[in-house]
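Quick note, this note's numbering runs 27 ahead of the 1-based positions in the sequence shown. By construction, the Cβ of each residue, glycine as well, lies at the ideal position given by its N, Cα and C atoms. Notes follow once the structure below has been shown.
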Amino acid sequence: MSDVTVSVDTRGAVAQGATARDFFALLKPRVMSLVVFTGGIGLFLAPGALHPVLAFAAILCIAVGAGASGAINMWYDRDIDAIMTRTLNRPIPSGRVDPADALAFGIVLAVASVIVMGLAVGFAAALMLAVSIAFYVFVYTMWLKRRTPQNIVIGGAAGAFPPMIGWAAVTGDISLASVLLFAIIFMWTPPHFWALALFRCEDYTRAGVPMLPVTAGEPETKKQILLYALLLWPLTLAPVLIGTLGAVYAGVALVLGALFVAQAVAVARADLAATQYKAAKRLFGFSILYLFALFAVMPLDRWAGLPVPAWMMF
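Put into structure tokens, the structure is as follows:
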């Protein structure tokens, strides 16, 4: 994969000299890292046991499936990626990878990840992986993204599947606990991406992508960010109420939730453009740290095994 034949993409740019690094970039490795992490936490929390080799296979399939979704997304969005400052240096719009090669790469990885998951781990996990890939590609990328400001709200489900897939890899089914892990990521996604959209609003406007700041304006976007942050805070405590997690997680979730809401309030109160964009950038960066920290404390909570104090049970 170190070199490919020179070809011309649909925009007329020459794609040549593609390297393994270019194809790896198609997988959206930063997004993949979060997907792998949350999928691994779902696998760890699930009741029962999975052989380490099978557990590794499950995580690898989740990673490859997520990467495949990213590659197909980059193939489909190559026209708007070439317009947006944030994405114009991606492998396809920059001319380093031919669109057809990127599409074939993504399809092969998607099919392979589902087949291997099914053969090595089980039907339930493979089915959920297939649904997550299809949802991201067909529902979010091809249908919602360019048509509605609710693209992130609905499409965010695709990125929320990994904990459920990891859980199903162990148990072979879906439980309330895994659904709550899904719900936490689902509710986290809109304020995370709307914070990005606030300080990248010009990019989305040029590309014609109807993100909320473009269609509803910045004041409404800030209200929605704060609303979702407030709804997310108590939702993160739901795994404690059903007994899946305990006191360590509850304490961290309370503190992180308060910090998340405080960042959302700062965005809502910012008036001047420069101040607002700075606050939105802080919220965007913190939101990534927030989700990593929230899920990272889950296995620590299991190891600690501390009971939840009565006052935390409302």
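Secondary structure of Asn100 (DSSP, three-state): helix. Segment contact: the segment 194-207 against the segment 234-245, fewer than three CB-CB distances shorter than 8 Å; contact not assigned. Comparing alpha carbon positions, the residue from Ser159, Gly66 and Cys228 closest to Ala185 is Ser159.
The distance from the Cβ of Phe226 to that of Lys308 is about 6 Å, consistent with a contact at the 8 Å cut-off. By alpha-carbon distance to Gln290, the top candidate from Gly273, Ala280, Phe313 and Val282 is Phe313.
Along the length of the segment 263-300, whole beta strand (DSSP E) runs at least 3 residues long do not occur. For Ala95, same chain residues with a beta-carbon under 7 Å away, outside a window of 5 residues either side, are Gly133, Leu136, Ala137, Ser140 and Ile160 in chain order. Per DSSP, Trp170 lies in no alpha helix (DSSP H) segment and is marked neither H nor E.
Annotation for Phe226: the continuous alpha helix (DSSP H) segment containing it runs Leu203 to Phe226. In the DSSP assignment, Met59 falls within the alpha helix (DSSP H) that extends over Pro56 to Leu72.
Counting of Cβ neighbours within 10 angstroms places Gly69 among the buried residues, the total reaching 16 or more. Between the C-alpha atoms of Arg123 and Ala277 there is a straight-line separation of about 47 Å. For the 8 Å CB-CB criterion, Ala90 and Val62 form a contact. Closest by C-alpha distance to Arg233, out of Leu115, Phe51 and Pro74, is Leu115.
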